[in-house]
Amino acid sequence: MKNTVTIKDVAKKAGVSISTVSRVINNSKPVTDEIKKKVLDVIEETGYVPNPLARSLVTKKSQLIGVVVPEVSDSFVNEILNGIEEIARMYNYDILLSNTYSDKNEEMRSINLLRAKQIEGMVMISWDLAKEHIDYIENCGIPTTYISKTARDYDVPTVSVNNEKATYDMTNHLISQGHKKIAFVMTSAGDTRLEKERLDGYKSALAENGIEFNEELVRYGGVDYNSGYESTKDILEKGIVPDAVFVTGDEAAVGAMNAVFDKGFSVPNDISVAGFNDVKIARMYRPKLTTVHQPLYDMGAVAIRMVIKMINGEEIEEKKVELPHRIEERESVIKK
-16 MKNTVTIKDV
-6 AKKAGVSIST
4 VSRVINNSKP
14 VTDEIKKKVL
24 DVIEETGYVP
34 NPLARSLVTK
44 KSQLIGVVVP
54 EVSDSFVNEI
64 LNGIEEIARM
74 YNYDILLSNT
84 YSDKNEEMRS
94 INLLRAKQIE
104 GMVMISWDLA
114 KEHIDYIENC
124 GIPTTYISKT
134 ARDYDVPTVS
144 VNNEKATYDM
154 TNHLISQGHK
164 KIAFVMTSAG
174 DTRLEKERLD
184 GYKSALAENG
194 IEFNEELVRY
204 GGVDYNSGYE
214 STKDILEKGI
224 VPDAVFVTGD
234 EAAVGAMNAV
244 FDKGFSVPND
254 ISVAGFNDVK
264 IARMYRPKLT
274 TVHQPLYDMG
284 AVAIRMVIKM
294 INGEEIEEKK
304 VELPHRIEER
314 ESVIKK
């Protein structure tokens, strides 16, 4: 049944003014303990729920933070959202989530929708940030932290790992296991800083171990299963049989493993496969995926903490935060 109790009803039952009830709810001005208890008792008895919009007009705070995501069902996004939601709750903020399906027009629509909802800040997760959207957000004065493959191309608050070092470390790990012919499938395409960092990490590890870089072993694709499958299939169909395939995304790495199987090879006995991110599928698929562990929960937690600091006018120590990564060794890579 719809709750029709109003602030006027609460005031009448408690024997106080509407403004007194408002002061108790919003903790805006002091009232005596006796009055406060009386009002809170009536609120509990009647089940009164304050109007959040009216409350925000009084306090000038909506306690709402918007989160824009490219695909709410994506495992990478899910694990970041867990961190965002838990820290938001800890600081008494509610989350408004908007899913853009990686569509730039929907991204702008989401930003405007969240603005209309009186958000105080925003975390924006996007596969490929549009500069005009960043400029628009800054012009609107919305405190925002970005998590994106391309966020490092802009002077904005970001949370990530050191992608060059992470890629270097995984390539080096594969080499240490006796793999020299390492195919590299990047889940980012285009002239971005992330792509350059990851390619540099891969090349550096090869060079330090005296292995010549071979462009034929490099592919550029997307983050999904099909991209990893098609990129790896293309390598194998050209008659190239690598010792290992390193894919910079776990879902795409699972696609790579299945391409290896479909072409008559086994993982890891014939070809080892490594991923990047360490989302749930990396632990669920068989063989379990060796991967670069990104602390995705922590990325979400740090991102929203940065937003809350900006909302409160606190200084952010680092604008571009890099969290530690590690190599998670599982079953898809063996020593040759």
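Heads up: the sequence shown begins at -16 in the working numbering, then just goes up one per residue.
Beta carbons: idealized from backbone N, C-alpha and C, even for Gly.
The structure displayed is predicted, hence computed values, not measured ones.
Query raised in the report: Could you give the residue range of the beta strand (DSSP E) that holds Lys12?
Result: No beta strand (DSSP E) contains Lys12, which DSSP labels as neither H nor E.
Requested in this report: Under 8 Å Cβ to Cβ from Ile403, same chain only, skipping five residues before and after it: list those, please.
Outcome: An answer regarding residue 403 cannot be provided, because it is not within the stretch -16 to 319 covered by the chain.
**Report entry** Close beta carbons around Val22, own chain, < 6 Å, minus the five adjacent residues each side
**Finding:** Ala(-3), Val4, Val7
Query raised in the report: What separation, rounded to the nearest whole angstrom, lies between the Cα atoms of Lys163 and Ala71?
Result: 46 Å
**Report entry** Residue environment, Tyr76, which counts as buried when at least 16 other CB atoms sit within 10 Å
**Finding:** buried
Query raised in the report: Can you find at least 3 beta carbon pairs, one from the region 91 to 100 and one from the region 296 to 304, that sit closer than 8 Å?
Result: no
Query raised in the report: Under the three-state reduction of DSSP, which class applies to Asn260: helix, strand or coil?
Result: strand
Query raised in the report: Quick one: is Phe244 buried, meaning 16 or more other Cβ sit within 10 Å of its Cβ, or exposed?
Result: exposed
Query raised in the report: Going straight from the alpha carbon of Met(-16) to that of Gly30, what length do you get?
Result: Unreliable placement is indicated for Met(-16), whose pLDDT of 36 sits below 50; the coordinate value is still reported in the next sentence. So the two alpha carbons sit approximately 12 Å from each other.
Query - Sequence ranges, beta strand (DSSP E) only - wholly within the region 125 to 152, length at least 3 - result: 127 to 131, 141 to 144
Requested in this report: With DSSP collapsed to three states, give me the class of Thr274.
Outcome: strand
Query - Contact belief for Tyr212 with Ala239 at Cβ below 8 Å, rounded distance in angstroms - result: 7 Å
Query raised in the report: Where are the alpha helix (DSSP H) runs, 4 residues long or more, that stay fully inside the region 195 to 242, in chain order?
Result: 208 to 220
Report task. Determine the direct distance from the alpha carbon of Glu68 to that of Ile310, and round the result to whole angstroms. Result -> 27 Å
Requested in this report: Return yes when the Cβ of Gly232 is within less than 7 Å of the Cβ of Val206, no when it is not.
Outcome: yes
Query raised in the report: With DSSP run on the structure shown, which of helix, strand or coil describes Leu79?
Result: strand
Query raised in the report: Buried or exposed: where does Ile223 fall if 16 or more other Cβ atoms within 10 Å of its Cβ makes it buried?
Result: exposed
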